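Engineer: Position 223, counted from 1, in the sequence shown is what UniProt numbering calls 223; the numbers after and before it change by one each time, with no gaps.
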Amino acid sequence: MLESWATSSLILFVAILVVISLSLLYCSYLRRERWWKISGIFSVASFAVYILLFFWSFWNLLSNLLFILLVELAVFIILLPIFKVVFELKFENEEKYGEIDGIPVIIGYEKGKKVYNAFYTPLKRKIFVTKSLKDVLSGEELKAVIYHESGHSKNKWWMITRSTAMMFWVLIAAVVLTTLFLLEMGKFQPNLKVSLFITLGALLIIYATFFMVFSWINEHEADLFAVKKSGYENFSKALFKTYFYNVLGDYAEFVGKIDLKNFNSGDVTPFEILKILLKQSIYYLFPRNILNQPIPQTHPPLRYRILLAHQTLKC
1 MLESWATSSL ILFVAILVVI SLSLLYCSYL RRERWWKISG IFSVASFAVY
51 ILLFFWSFWN LLSNLLFILL VELAVFIILL PIFKVVFELK FENEEKYGEI
101 DGIPVIIGYE KGKKVYNAFY TPLKRKIFVT KSLKDVLSGE ELKAVIYHES
151 GHSKNKWWMI TRSTAMMFWV LIAAVVLTTL FLLEMGKFQP NLKVSLFITL
201 GALLIIYATF FMVFSWINEH EADLFAVKKS GYENFSKALF KTYFYNVLGD
251 YAEFVGKIDL KNFNSGDVTP FEILKILLKQ SIYYLFPRNI LNQPIPQTHP
301 PLRYRILLAH QTLKC
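1. Taking Cβ to Cβ, would you say V19 is nearer than 8 Å to L277?
2. Rounded to the nearest angstrom, what separates Y251 and I206 at their Cα positions?
3. Three or more C-beta pairs closer than 8 Å, one from the segment 165 to 174 and one from the segment 204 to 220: is that the case here?
4. Just reading off the beta strand (DSSP E) that P301 is part of, what are its end residues?
5. Determine whether the beta carbon atoms of N117 and R162 lie at a separation below 8 Å.
6. Smallest Cα separation from K275: which of V14, K241, L10, C27?
7. Should I127 and I107 be called a contact, given that it needs their Cβ atoms to be closer than 8 Å?
8. If you run the structure through DSSP and keep just helix, strand and coil, what is K126?
9. Is it buried or exposed, G112, if we count other Cβ atoms within 10 angstroms and call 16 or more buried?
10. Note the first and the last residue of the continuous alpha helix (DSSP H) segment covering V105.
11. If you drop the 5 nearest sequence neighbours on each side, which residues of the same chain put their C-beta closer than 7 Å to that of H152?
12. Exposed or buried, L239, counting other C-beta atoms within 10 Å across all chains shown (16 or more means buried)?
13. Taking the alpha carbon of K124 as the reference point, which residue from V105, A74, S21, V176 has its own alpha carbon closest?
14. Shortest alpha-carbon distance to V227 belongs to which of L142, L180, A165?
15. Straight-line CA distance for H299 to V75?
16. Take S236 as the anchor and find which of Y147, I38, L200 has the nearest alpha-carbon.
17. Look at the Cβ atom of S21, then the Cβ atom of S39, and state whether they are nearer than 8 Å.
18. Can you tell me whether V49 is buried or exposed? The criterion is at least 16 other CB atoms within 10 Å of its CB, across all chains shown.
19. Buried or exposed for E253, please, with buried defined as at least 16 other CB atoms from any protein chain shown within 10 angstroms of its CB.
20. For the alpha helix (DSSP H) containing E140, name the first residue and the last one.
21. Taking 6 Å as the limit between beta carbons, can you name the residues of its chain near N93, skipping five residues before and five after?
22. By DSSP, does K241 sit in helix, in strand, or in coil?
23. Quick check on DSSP: helix, strand or coil for K113?
24. Report back the beta-carbon spacing between T179 and L204 to the nearest angstrom; my notes put them in contact at under 8 Å.
25. For S23 versus I273, is the C-beta distance shorter than 8 Å?
26. Straight-line CA distance for T269 to K96?
27. Thinking just about the alpha-carbon of each residue, which of V175, L52, T242, D101 is nearest to the one in I77?
28. Just curious, the beta strand (DSSP E) that E92 is in, first and last residue?
29. Using only the alpha-carbon positions, how far apart do K193 and I11 sit?
30. Tell whether a beta-carbon distance below 8 Å holds between Q311 and R32.
31. So does Y243 have its beta carbon nearer than 7 Å to some heavy atom of the ligand SAM?
32. What number of angstroms, rounded off, separates the C-alpha of S230 from the C-alpha of V247?
33. With 16 as the cutoff for other CB atoms within 10 Å, does L89 come out buried or exposed?
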């Protein structure tokens, strides 16, 4: 019993260390501090230590590990196509709008509900813009959106990192669901159940935080490319409209009246980022939420995107 509690305590300590290091990483990135890459290396290293601890604890806490791995693999294979269907946006009709750097830009006509979005598909090497988003943007704002997606195509390392992270998120969902099933069906001692719940809870928080930070940096890198190509105001207006139309629909008309040159999003602190990351990642402590929103928040808060884009005016 003491051994299981010691393992859980160690895992919790490393988990807290990883979340704090990720918060510092993102904060230093937003502030454009030179040492943010060093912070990133430390975050990845601490995350790797946590993963090793996680599997080591499972090896000690669960006896029939091979059987569990086989069940987790089966659940992973089942979940993978389900996640793909949930997140794949299908269009009623597609129309070629043009090209950028040899990448076709496609206008997609949504089925039913309006969707204000644009995305780049690495496998198809195409940029898709929904018809609804195109209709609410000016020509220059639309160019900014297209440049943003083109920026994703140029950041291949970040795209590979994000795709790998999404794959691992599905794998972690399989691990969590399988373990919860085994705990429900098997006869485990209460202290063992508590240790496993702590281990799984820490895993969900850690990985959701890790996924969000690296996904947000990926978005920021594409943002900076778009600002460089289309200008700060065109990019920011397009960003505001995309966020507000998705949330408020037609009530986003006031976006065009915002004085972006004097826009002040304020400073950012590691503690503020830590609170946001924890709030988003703790959401996944409830297994049902994994199915309701399988992938953690891929885009950073609007304020942070404007904050980083606004810094280009000072350069």
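Don't be surprised by glycine CBs; every beta carbon is placed ideally from N, CA and C. Since we're looking at a predicted model, the values are computed, not measured.
Structural biologist: So, to answer that:
1. With respect to L277, V19 sits close: the two C-beta atoms are nearer than 8 Å.
2. With a pLDDT of only 49 at Y251, under 50, the local geometry of the prediction cannot be trusted, and no value is derived from it.
3. yes
4. First-last for P301: undefined, no H or E at that position.
5. no
6. Ranking V14, K241, L10, C27 by Cα distance to K275 puts C27 first.
7. no
8. strand
9. Burial check for G112: the Cβ neighbour count within 10 Å stays below 16, so the residue is exposed.
10. That residue, V105, is in no alpha helix (DSSP H); its beta strand (DSSP E) goes 103 to 110.
11. Y120, M159, A222
12. buried
13. V105
14. L142
15. 27 Å
16. Y147
17. yes
18. exposed
19. Because E253 carries a pLDDT of 49, less than 50, the predicted location of this residue cannot be relied on, and the following value inherits that uncertainty. Classification of E253: exposed, given that the 10 Å Cβ count is below 16.
20. 139 to 154
21. Y109
22. K241 sits in a helix when the DSSP states are folded into three classes.
23. Note: K113 maps to coil in three-state DSSP.
24. So it is not a contact: roughly 11 Å between Cβ atoms.
25. yes
26. 43 Å
27. V175
28. 91 to 100
29. 15 Å
30. Yes.
31. Ligands are entirely absent from the displayed structure, and the ligand SAM is therefore not among its contents.
32. 25 Å
33. Exposed.
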